[in-house]
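Let me begin by presenting the structure, written as structure tokens, before commenting on it.
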Amino acid sequence: MSDTLIHLQTVDGVRVATIGSEIDLANAPVFERYLGEAAADVPSLIISLAECRYIDSSGLCALARLAKRLRNRFSIVVPPGTQVRRIFDIAHFGEKMRVCASLPEALSALSMGVPA
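Below is the structure:
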């Protein structure tokens with residue numbers, strides 16, 4: 016996947032994937048496969064949707080499958096007040112996976128072993 020769509024970095028031993036595009040039916044399968052591979056060789060994965068402008072139901076399903084597969088090794092950053100956060104709130108995704116407001120919050124939750 017293009018580096019302009021997903022930027023990978025490692026912070027405190029945790030893989031952080033920042034999504035810089037929309038996640039929709041056209042790219043959700045590739046997105047899911049790419050992030051699954053990115054999580055394979057690290058203890059934890061954080062997906063930041065801070066720069067994501069839009070996500071549809073296929074993107075939500077891809078994230079739900081990743082969260083189920085990675086369990087407590089997974090956090091997602093969705094800043095309050097964004098369109099994507101509104102979609103997450105409507106879908107009650109905070110009940111299904113660890114949703115954090117910021118990268119520091121997600122790193123802290125993973126390091127403290129806060130259940131997803």
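Quick note: to get our numbering, add 15 to the position in the sequence shown (first position is 1). Quick reminder that beta carbons are idealized off the backbone N, C-alpha and C, glycines included. Predicted model only: the values in this text are computed from it and were never measured.
Residues that DSSP places opposite V31 in a beta bridge: Numbered from its first residue, the sequence shown carries residue 31 at position 16. Q24 and I61, per the DSSP bridge assignment.
Cutoff 6 Å; reference S36; Cβ partners in own chain excluding five residues on either side: Numbered from 1 along the sequence shown, position 21 holds the residue referred to as residue 36. Here the set comprises L20.
Check the DSSP bridge columns for S126 and list the partner residues they point to. Locating residue 126 in the sequence shown gives position 111, counting from the first residue. According to DSSP, S126 bridges with nothing at all.
Tell me F89's beta-bridge partners as DSSP assigns them. To locate residue 89, count along the sequence shown from 1; it is residue 74. Looking at the DSSP assignment, F89 forms a beta bridge with L60.
Tell me whether T19 sits in a helix, a strand or coil according to DSSP, three-state version. Along the sequence shown, one-based indexing puts residue 19 at 4. Note on T19: pLDDT 48, under 50, position unreliable in the model; the coordinate value appears next. Correct three-state label for T19: coil.
Please classify E37: does DSSP put it in a helix, a strand, or coil? Here residue 37 refers to the residue found at position 22 of the sequence shown. Collapsing the DSSP output to three states places E37 in coil.
R110: buried (16+ other C-beta within 10 angstroms of its C-beta) or exposed? On the sequence shown, position 95 is the one that residue 110 refers to. Looking at the sequence itself, residue 110 is Glu, so the reference to Arg does not match. With fewer than 16 other Cβ atoms inside 10 Å of its own Cβ, E110 counts as exposed.
Quickly, what does DSSP pair V114 with across the bridge? List them, please. Translated into the one-based positions of the sequence shown, residue 114 becomes position 99. DSSP, once it has assigned bridges, lists I91 as partnering V114.
Just how far apart, CA to CA, sit A77 and S90? As a position in the sequence shown, residue 77 is number 62, starting the count at 1. As a position in the sequence shown, residue 90 is number 75, starting the count at 1. Near 14 Å, if we compare the C-alpha coordinates of S90 and A77.
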